[in-house]
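Here is the structure we will look at.
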Amino acid sequence: MTGPPWVARELGLSWDTVNAIAMDAIQMIVAPTPPVWTGYASSVSMNTAGHTPAAAGKTATSPSSSTSPPVRDGTGGARLLDLVPGRSAAALTTWLAEQRAAFRDQVEVVAMDGFAGYKTAAADQLPEATPVMDPFHVVALAGVKLDLCRQCIQQQTCGHRGRTGDPLYGVRRILRTRLPLLNARRKAKLGAVSPMTTTSPSNCAGASTNA
């Protein structure tokens with residue numbers, strides 16, 4: 262058995278007491294030893310802090326590190342460095358400015374989501390670092406564009422937004438799945454709409470975002 266209630270019962274202490282002891286021990290072991298970096302990548306993204314009712318809906322900037330720059334080989338360990346309230350250029354600028362110069366000088370790559378404020382902050386505080394978009398967000402944006410193309414072709418060929426029974430609407434999830442992961446039935450379903458997907462979508466402004 263695991264979890265806070267079990268630990269509390271086994272030790273005869275409240276979970277808050279056990280957690281406070283553990284955190285004090287961690288601070289004594291880890292905090293006095295400053296990290297040593299030798300050319301690493303830093304990533305930054307927005308997180309919704311909804312773990313407690315009081316924090317629900319609030320956003321935070323979360324800088325993290327990777328000892329191997331993702332633009333090189335994408336390997337290596339990574340860890341969360343901090344969680345900063347707010348999603349703005351000022352939030353990241355302030356956090357970076359508070360770090361040691363030696364820390365900032367070691368950063369070679371900054372991976373981020375599509376928020377322009379993060380790029381502004383990185384350019385201001387880490388002028389020698391290369392800004393890139395995090396692979397997760399690149400894939401997410403590609404998926405959005407794929408959906409828009411499908412919706413546009415749906416409108417051009419059927420004259421209405423996607424409905425149950427429409428071929429393109431029926432493969433909306435299949436289109437977002439890697440081909441090696443599709444079974445024979447789904448590949449056949451995808452092949453059935455191939456003639457439709459060769460259409461070059463135009464005037465996509467009229468495509469429904471819910472098609």
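Residue numbers (my numbering): 262 to 472.
C-beta atoms are modelled at their ideal positions from N, C-alpha and C, and glycine is treated no differently.
Which of helix, strand or coil DSSP assigns to residue i
i, result
"Val393", "strand"
"Leu233", "Look at the range of the chain in this structure, 262 to 472, and you will see that residue 233 is not part of it."
"Val400", "helix"
"Val454", "coil"
"Thr299", "Note that Thr299 has pLDDT 45, beneath the 50 cutoff, so the model's placement of it is unreliable and the number below is only indicative. Three-state result, Thr299: coil."
"Arg411", "helix"
"Leu387", "coil"
"Ala360", "Here residue 360 is Gln; the residue named in the question, Ala, does not match the sequence. In the structure shown, Gln360 sits in coil (DSSP, three-state: anything other than H, G, I, E or B)."
Beta-carbon proximity of residue i to residue j, cut-off 7 Å
i, j, result
"Gln416", "Gly423", "no"
"Ile435", "Arg447", "yes"
"Val371", "Ala390", "yes"
"Leu429", "Arg411", "yes"
"Leu451", "Val432", "yes"
"Gly404", "Arg437", "yes"
"His398", "Gly375", "yes"
"Val368", "Leu387", "yes"
Next item on the list: List in chain order: all unbroken alpha helix (DSSP H) runs of 4+ residues lying wholly within the region 416-447.
Entry: The qualifying runs are 428-431.
Margin query: Contact between the region 368-382 and the region 340-354 is defined here as three or more beta-carbon pairs at a separation below 8 Å; is this criterion met?
Written below: yes
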